[in-house]
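Encoded as structure tokens, the structure appears first; notes follow it.
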Amino acid sequence: MKVTIIHDNTAWDKNLTCDWGFSCLVEAHGKIILFDTGAKGNVLLDNMRKLDIDPLKIDVVFISHDHWDHTGGLLDFLEKNQVKVYIPVSCIGTGNAVNIKRVDDRLKIYENIYSTGELKNIEHSLVIKKGEDVTVIAGCSHPGVREILRAASDFGKVNTLIGGLHGFNDFELINDLENICPTHCTRSIQAIETLYPGKYINGGAGKVIEI
């Protein structure tokens, strides 16, 4: 599987625009998923263009939670490709989406691709299985990383965590991971890099992670 960070607070590729918010492209099991849409549609679409990502090739959109810095580019993207949008049941801002799936409990999206289900009435995360191993993509981790990992472990052994880790300081949870890429709202990025240099993956717009 491959994860390409499109929209982030920092830029790995200096030709891309960085801005507060998060979005990434997930390519797994023959499917292409746009995870969140960042804060601004023009940043999202311009970075996609520079990364040679064709909006028309995306199969679905997965919105982690209803905060502006994750839904801001949705309207502009859907003007390019009106695909199905998976949102947690608490999400109100669906813009111009015409094909919406509201997610409450854990849900199979495609074979080996799942939602954790909405956790603590605010957010759901994307789960990708590869054999017995699990990769988790999180938007901001508002339910808490511990809760997200607990829910994701129902699908297999979580070995990779990518995304925003809002308020994260439970560093012992990283012990059982093989890879961690903290992005966006994570305030403890430097601490994670220092404590777990062998597991840490630097994020930023343009970063490509292959697992």
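Sequential numbering from 18 applies to the sequence shown in the working numbering. Using N, Cα and C, we set each Cβ at its ideal position, and we do this for glycine too.
- Spatial neighbours of K48 in its own chain (CB-CB distance under 6 Å, excluding positions within 5 residues in sequence) are listed in chain order as D76 and Y127.
- Distance from the Cα of H159 is smallest, within the candidate group C41, I218, N138 and V225, for N138.
- With a cutoff of 7 Å on beta-carbon distance, D30 and F39 are scored as not near each other.
- Within the same chain, and ignoring the five residues on either side of L33 in sequence, the residues whose Cβ sits closer than 7 Å to its Cβ are N64, K67, A222 and G223.
- Rounded to the nearest angstrom, the Cβ distance from D83 to A56 is 13 Å, too far for a contact under 8 Å.
- L62: member of the alpha helix (DSSP H) spanning G58 to K67, first to last residue.
- With respect to G220, C202 sits apart: the two C-beta atoms are not nearer than 7 Å.
- The Cβ atoms of L95 and N116 lie no closer than 7 Å to each other.
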